[in-house]
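For what it's worth, the working numbering labels the leading residue of the sequence shown as 25, then goes sequentially. For glycine and all other residues, C-beta sits at the position ideal for the given N, C-alpha and C. All values reported here derive from a predicted model rather than from experimental measurement. Reading through the structure tokens given below for one structure.
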Amino acid sequence: FIANYMNSNKKGDQSSIGPYSIIEKALKLKKKILISCNNNIKYYGFIRSFDRHCNMLLEDVIAVWKENNVKANELEKSYEKYYPKIFLRGDSIIVVSLV
25 FIANYMNSNK
35 KGDQSSIGPY
45 SIIEKALKLK
55 KKILISCNNN
65 IKYYGFIRSF
75 DRHCNMLLED
85 VIAVWKENNV
95 KANELEKSYE
105 KYYPKIFLRG
115 DSIIVVSLV
């Protein structure tokens with residue numbers, strides 16, 4: 025796999041093999057992606073652009089996160105928020121998945 029990836033990089037075709045292939049596929053096919061970030065927020069939306077640092081511009085995004093109130097002894101609550109557009113910095117992204 026690594027040899028194929030390195031050879032494809034030399035030819036300039038890195039979108040079909042390697043870690044960027046999922047992002048490129050979602051962009052070309054206009055499929056939704058699920059992004060999990062290191063602040064425990066998950067983003068579900070359409071990718072519009074990205075760069076080599078995995079900085080991403082997303083549209084029609086739903087952010088989902090959970091919080092618990094330790095003082096009130098409550099169970100975890102799930103929250104959702106809609107964003108028409110959002111920019112995610114690549115160093116905060118942990119997992120990217122096609123939905």
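Neighbourhood of His77 by C-beta distance below 7 Å, restricted to the same chain and skipping five residues each side: Gly114
Stretch-stretch touch, CB-based, cutoff 8 Å, three pairs: the stretch 43 to 59 with the stretch 100 to 108: no
Does DSSP classify Ile47 as helix, strand or coil? helix
Residue nearest to Cys61 in terms of C-alpha spacing, selected from Ser45, Trp89 and Ile41: Trp89
Quick one: what's got a C-beta closer than 6 Å to Leu112's C-beta in the same chain, skipping five residues either side? Met80
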